[in-house]
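In case it helps, my numbering puts the sequence shown at residues 174 to 348.
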Amino acid sequence: MGRAAAAVVHRLTERRETLATVESLTGGLLAATIVEIAGASVVYRGGLVVYATELKEWLAGVPGQLLAERGPVDAEVAVALAEGGRRRCGADWGLATTGVAGPEPQDGKPVGLVFVAVAGPDGTQVRELDLDGGRDQIRGATVTEALRLLTEHAQLAEGAEAAVGSRFQNGHAAR
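Rendered as C-alpha cells:
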C-alpha cells in the first residue's frame, strides 16, 4: 500500500494537482495510507468517511434516489462518491471506495465485492473488484487497487495532454 501511495503523492506533486478521498468500507485506511507519505500535505486536501449509507448522500452528495435504487455497493455509487469528494473538497482528483469487507454479505452483495472510482479533470473511471480474504485483506487490497486506479488514470491523462501538445507547435497544428 505504501509504495502505491508514494507513487500517487509523487505524481500529483509533479503535476501540481490535489486529491480528496471518500471512503466507505476502508473507513479512513485510504486517507491514512496517503498521509503516511512525506510531502502528502502538498497534494492531499482531505476526505470523507461515509460508512453509513445516509452519509453518502448527506456528506458526499450521492443522489438519494441512486442509493435507494442501487444500494451503497454499486459502480454508479462509487463514481458519485468520487465526484462528490472531488467537488466538496475542491480537489483536482477524487478517489472513492465502496464494497463489502465482511464477514457477512450486505444487502445481497457478496463479501469481497468492491468498487473503486476515480474522478479527475478528464472524467471518471470505476473498477469492480472481486477480492478474497478476511476484512483486513479486503480493505488493504481495496486501498492498493484504488491507488493503482488513480495512477493509471493520471498516466492516461498525461498521455492525452502530451498527444495534444505534440500536435501544436507555436500555436499552429503540426503537419
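Here a beta-carbon is modelled for each residue, glycine too, at the ideal position from N, C-alpha and C.
None of the values given here were measured: they were computed from a predicted structure.
Contacting residues, own chain, Cβ-Cβ under 7 Å from residue i (five flanking each side not counted)
i      : result
MET174 : THR206, GLY313, VAL316, THR317
PRO245 : SER197, THR226, LYS229, THR271
LEU239 : GLU249, VAL250, ALA253
Residues near residue i by beta carbon distance below 8 Å, same chain, minus five either side
i      : result
ALA251 : ALA269, THR270, THR271, PHE288, VAL289, ALA290, VAL299
THR324 : ALA177, ALA180, VAL181, ARG184
GLU280 : Looking at the sequence itself, residue 280 is Asp, so the reference to Glu does not match. Excluding residues within five positions, the ones whose Cβ falls inside 8 Å are GLY244, PRO245, VAL246.
Selected residue, minimal CA-CA separation from residue i, among the options
i      : options                        : result
LEU329 : GLY296, ARG176, LEU304, GLY267 : GLY296
ASP224 : LEU239, VAL235, ASP247, THR199 : Looking at the sequence itself, residue 224 is Tyr, so the reference to Asp does not match. Nearest of LEU239, VAL235, ASP247, THR199 to TYR224, Cα basis: THR199.
VAL260 : PRO283, GLY220, VAL273         : Residue 260 is actually Arg in this sequence, not Val. Comparing Cα positions, the closest option is GLY220.
GLY275 : GLY258, ARG176, ASP309         : ASP309
VAL222 : GLY212, GLU190, HIS326, GLY258 : GLY258
THR194 : CYS262, ARG243, LYS282         : CYS262
HIS326 : ALA292, ILE311, ASP305, GLU301 : ALA292
Straight-line gap, residue i to residue j (C-alpha atoms, nearest Å)
i      : j      : result
GLU187 : PRO294 : 16 Å
GLY285 : LEU203 : 17 Å
LEU232 : ALA253 : 12 Å
ARG321 : ASP303 : 16 Å
VAL216 : GLY201 : 17 Å
ASP305 : PRO278 : 13 Å
GLU301 : GLY212 : 30 Å
LEU192 : SER214 : 10 Å
GLY172 : LYS282 : This structure cannot settle anything about residue 172, because the visible part of the chain is limited to 174 through 348.
ARG218 : GLY267 : 10 Å
8 Å contact criterion, which residue i and residue j should meet: CB distance rounded
i      : j      : result
ASP265 : GLU190 : 4 Å
Neighbourhood of residue i by C-beta distance below 6 Å, restricted to the same chain and skipping five residues each side
i      : result
ARG348 : Low confidence applies to ARG348: its pLDDT is 33, below 50, so where it sits in the model is not reliable enough to give any reading.
task: May I have a chain-ordered list of the alpha helix (DSSP H) segments no shorter than 4 residues that lie completely inside the segment 198-282?
output: 202-208, 226-231, 237-243, 248-262
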